[in-house]
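Enquirer: I'd like to ask some things about the structure below.
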Amino acid sequence: MNNTAIHIDNLSVYYGDIPAITGINLNIGEGEYLGIIGPNGGGKSTLLKAMLGLVPGTFGEIRIYGKSPDRSRGQIGYVPQTANLDKRFPITLFEVVLTGRMKQGIAPFFQFNRRDKRFAAEILERVGIEDLAGRRISELSGGEFQKMLIARALTVNPKLLLLDEPTASVDAGSRNQIFSLLEELNKTMTIVLVTHDLMAVSAQVHRLACLNRNLVYHGEPELTEGIVNNLYGCPVDLIAHGVPHRVLKQHEED
Amino acid sequence: MVHAILEYQFLQNALFAGFLASIVCGVIGVIIIEKKLIMMSGGIAHTSYGGVGLGYLMGFEPILGAFLFAAAAALGIGFIKRKGGALFDIAIALFWSLGMALGIVFIAIMPGYPPDLSSYLFGNILSVTRSDLLLMSILTLVVILVVVILFNDWKAYLFDEEFAYIIGVRTAFLEYLLLILIAMTVVVLIRVVGIILALSLLTIPAAAAAMACGSLKKRMLYAVFLGSIFSVMGLCISYRTNMASGASIVILSALFYLASHFVHLIYSKMKRTRSVLQSEI
Numbered sequence: 324m325n326n327t328a329i330h331i332d333n334l335s336v337y338y339g340d341i342p343a344i345t346g347i348n349l350n351i352g353e354g355e356y357l358g359i360i361g362p363n364g365g366g367k368s369t370l371l372k373a374m375l376g377l378v379p380g381t382f383g384e385i386r387i388y389g390k391s392p393d394r395s396r397g398q399i400g401y402v403p404q405t406a407n408l409d410k411r412f413p414i415t416l417f418e419v420v421l422t423g424r425m426k427q428g429i430a431p432f433f434q435f436n437r438r439d440k441r442f443a444a445e446i447l448e449r450v451g452i453e454d455l456a457g458r459r460i461s462e463l464s465g466g467e468f469q470k471m472l473i474a475r476a477l478t479v480n481p482k483l484l485l486l487d488e489p490t491a492s493v494d495a496g497s498r499n500q501i502f503s504l505l506e507e508l509n510k511t512m513t514i515v516l517v518t519h520d521l522m523a524v525s526a527q528v529h530r531l532a533c534l535n536r537n538l539v540y541h542g543e544p545e546l547t548e549g550i551v552n553n554l555y556g557c558p559v560d561l562i563a564h565g566v567p568h569r570v571l572k573q574h575e576e577d
Numbered sequence: 010m011v012h013a014i015l016e017y018q019f020l021q022n023a024l025f026a027g028f029l030a031s032i033v034c035g036v037i038g039v040i041i042i043e044k045k046l047i048m049m050s051g052g053i054a055h056t057s058y059g060g061v062g063l064g065y066l067m068g069f070e071p072i073l074g075a076f077l078f079a080a081a082a083a084l085g086i087g088f089i090k091r092k093g094g095a096l097f098d099i100a101i102a103l104f105w106s107l108g109m110a111l112g113i114v115f116i117a118i119m120p121g122y123p124p125d126l127s128s129y130l131f132g133n134i135l136s137v138t139r140s141d142l143l144l145m146s147i148l149t150l151v152v153i154l155v156v157v158i159l160f161n162d163w164k165a166y167l168f169d170e171e172f173a174y175i176i177g178v179r180t181a182f183l184e185y186l187l188l189i190l191i192a193m194t195v196v197v198l199i200r201v202v203g204i205i206l207a208l209s210l211l212t213i214p215a216a217a218a219a220m221a222c223g224s225l226k227k228r229m230l231y232a233v234f235l236g237s238i239f240s241v242m243g244l245c246i247s248y249r250t251n252m253a254s255g256a257s258i259v260i261l262s263a264l265f266y267l268a269s270h271f272v273h274l275i276y277s278k279m280k281r282t283r284s285v286l287q288s289e290i
């Protein structure tokens, strides 16, 4: 827990001259399970993409295990938002998961070897989608598609897993499976999770970061009303989906 | 017709040119449809007209000028695409019209009688020469080799460019390479269907193949097959009626696409009804 996985120092990201996030300072320790929440447009995905070196226009410093994001390829597994992907693309689930084993750089005549395939097959089993290996991605449900993306990220064999809204278009059953999988994975890797799912976050993660252009809060996953009001600009109903679990601590009766 | 093909060199050339065009179109067409680069390919094709004009003006092979202009347009539009979103569409329109305008100007200021450019605009498969075929063969070979050799890279890049980039695939290189391949494809197409109609052979066989096949490789093969049929039949019509080959190929393939789309709709509706009935039983 003592080593730093991600070190972010005074990070700002601009889209043109509009700031998406400003002045972020954040340290994420090795083996940590961090949840990032915040309103839409609050810069959650931007922060994640900055950690991956995907966005231009960043100022400040990001270090992944002491190296810049560009030099950390192969250490990071990334699970993007499913909404940005073409579900009609002609490819099978297994082929998608295998892409995690691609070689770096340009690889002429590249073929996946038996070790790659065995490794990918093991990951499928671990994620629980081995029965769907030959399925076309157009025939997958939201939850299956999401698990496929997690499996693809894992075939990179990363030390750090970054997930962007992994429960967005997923039914309740798959959601629970995904969260218990992440809990299991957290034993061997650092996890950063962006989500709008306040309920899940408080029950699962070790630490919480609240992002609304600035880092409003970073610490234990227990939100006070003050933080949430600050984050969303208005009181938010934190008892979501009728689940009998409170994100806020019970208020003492005066 | 068969007798005529055996007898006349120009018909053999035309047939060969049609096959070459179908091969590049099948392969590149599937890629540009998946990557949503259709309009960009149209822009690259039209810009090449400026090169044709320059070739006539400066006295070098117009098809070479077409390739230079197409490649420059591909790289220019590609650069703007990487730099920023909204400008992308504008850049296509700009290159598209500027290329055409330059072509017209170059032809206008050229001394002597202006040449007949309709074969570049609409294609004339019956006037393909040996040297045209040589150039087309080389370009086709290069396109196919690049796609085949890097096939797994292309697949990763096409499905999820961002993820490919993160795991260290050189996506910027692949993108520019793809744009150059599109420019080469356009040049192969100019003699067969012409600049204005190039989009048809690029998109229609690939789009029809997409309805029928669920794997990238099969889609490409099927699109090549369909394109070949369209070009051979279009060539026959063109030979018999003395119409521009481009027009007959385009009309034929468009009709085929509409028909197969219609059949596809009915088929999937029937499939749906059947599964609904089955679930009710």
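For the protein sequence lines, the chains are P and W, in the order given.
Here our numbering is used: position 162 in the first sequence is 485, and no number is missing along the way.
Here our numbering is used: position 103 in the second sequence is 112, and no number is missing along the way.
Cβ coordinates follow ideal geometry from the N, Cα and C atoms, glycine included.
On a predicted model such as this, the values are computed, not experimentally measured, just so you know.
#1: What residues in the region 254 to 285 of chain W bring their beta carbon closer than 7 Å to a beta carbon of chain P?
#2: Output the distance between the C-alpha atoms of Leu-455 of chain P and His-529 of chain P, rounded to the nearest integer angstrom.
#3: Here's a check: name, in chain order, each residue in its chain whose Cβ is nearer than 7 Å to the Cβ of Ile-14 of chain W, leaving out the five neighbours to either side.
#4: Any idea what DSSP makes of Glu-184 of chain W, helix, strand or coil?
#5: Pairing CB atoms from the region 431 to 445 of chain P with CB atoms from the region 165 to 178 of chain W, are three or more of them under 8 Å?
#6: Beta carbons nearer than 9 Å to chain P: which residues of the region 159 to 179 of chain W have them?
#7: If we define contact as Cβ-Cβ less than 7 Å, is Ser-224 of chain W a contact residue for chain P?
#8: Which of the residues in the region 403 to 416 of chain P, read from start to end, lie with their CB under 7 Å from any CB of chain W?
#9: For the region 43 to 66 of chain W, enumerate the residues whose C-beta is nearer than 7 Å to any C-beta of chain P, in chain order.
#10: Using three-state DSSP, classify Asp-494 of chain P as helix, strand or coil.
#11: If the criterion is Cβ atoms closer than 7 Å, does the pair Thr-518 of chain P and Gly-354 of chain P meet it?
#12: Can you check which of these residues, P:Thr-327, P:Ala-430, P:Phe-468, is closest to Val-493 of chain P by C-alpha distance?
#13: Could you tell me whether the region 213 to 232 of chain W touches the region 111 to 120 of chain W, using the rule of 3 or more Cβ pairs below 8 Å?
#14: Using three-state DSSP, classify Lys-44 of chain W as helix, strand or coil.
#15: Is the CB-CB distance between Leu-282 of chain P and Ala-474 of chain P below 7 Å?
#16: Does the beta-carbon of Ala-328 of chain P have 16 or more other beta-carbons within 10 angstroms, so that it is buried, or is it exposed?
#17: Spatial neighbours of Ile-275 of chain W within its chain, please: C-beta separation below 6 Å, excluding the five flanking residues on both sides.
#18: Of all the residues that make up the region 179 to 201 of chain W, which are near chain P by a beta-carbon distance shorter than 7 Å?
#19: Any beta carbon from chain W within less than 7 Å of Gln-398 of chain P's own beta carbon?
#20: Going by the CB atoms, is the gap between Gly-383 of chain P and Asn-333 of chain P shorter than 7 Å?
#21: Assuming Lys-367 of chain P contacts Leu-508 of chain P under a Cβ cut-off of 8 Å, what Cβ separation, rounded to an integer in Å, is found between them?
#22: Determine, for Pro-567 of chain P, whether the minimum Cβ-Cβ distance to residues of chain W falls below 7 Å.
#23: Helix or strand or just coil, what does DSSP make of Glu-445 of chain P?
#24: Enumerated in chain order, which unbroken segments of the alpha helix (DSSP H) with a length of 4 residues or greater are wholly contained in the region 461 to 491 of chain P?
#25: Quick check on the burial criterion: 16 or more other C-beta atoms within 10 angstroms. Buried or exposed for Pro-71 of chain W?
#26: Does the Cβ-Cβ distance between Leu-188 of chain W and Leu-198 of chain W come in under 7 Å?
#27: So, for Gly-243 of chain W: in the same chain, excluding its five sequence neighbours on each side, which residues have a beta-carbon less than 7 Å away from its beta-carbon?
#28: Flag Arg-459 of chain P as yes if its beta-carbon sits less than 7 Å from any beta-carbon of chain W, otherwise no.
#29: Nearest chain W C-beta to Val-378 of chain P closer than 7 Å, yes or no?
#30: If the cut-off is 7 Å on Cβ atoms, which residues from the region 348 to 382 of chain P count as contacting chain W, listed in chain order?
Expert: Reading from the atomic positions:
#1: none
#2: 32 Å
#3: Leu-20, Gln-21, Leu-24
#4: helix
#5: no
#6: Leu-159, Phe-160, Asn-161, Asp-162, Lys-164, Ala-165, Leu-167, Phe-168, Asp-169, Glu-171, Phe-172, Ala-173, Tyr-174, Ile-175, Ile-176, Gly-177, Val-178, Arg-179
#7: yes
#8: Pro-403, Leu-408, Phe-412, Pro-413, Ile-414
#9: Glu-43
#10: coil
#11: no
#12: P:Phe-468
#13: no
#14: coil
#15: Any question about residue 282 of chain P goes unanswered here, given that chain P covers just 324 to 577.
#16: buried
#17: none
#18: Arg-179, Phe-182
#19: no
#20: yes
#21: Lys-367 of chain P to Leu-508 of chain P, Cβ: 20 Å. No contact.
#22: Below a pLDDT of 50, predicted positions are generally treated as unreliable, and Pro-567 of chain P, at 41, falls in that range; the measurement from the model is reported next regardless. No, its Cβ sits nowhere closer than 7 Å to a Cβ of chain W.
#23: helix
#24: 465 to 478
#25: buried
#26: no
#27: Ser-254, Ser-257, Ile-258, Leu-261
#28: yes
#29: no
#30: Leu-375, Leu-377
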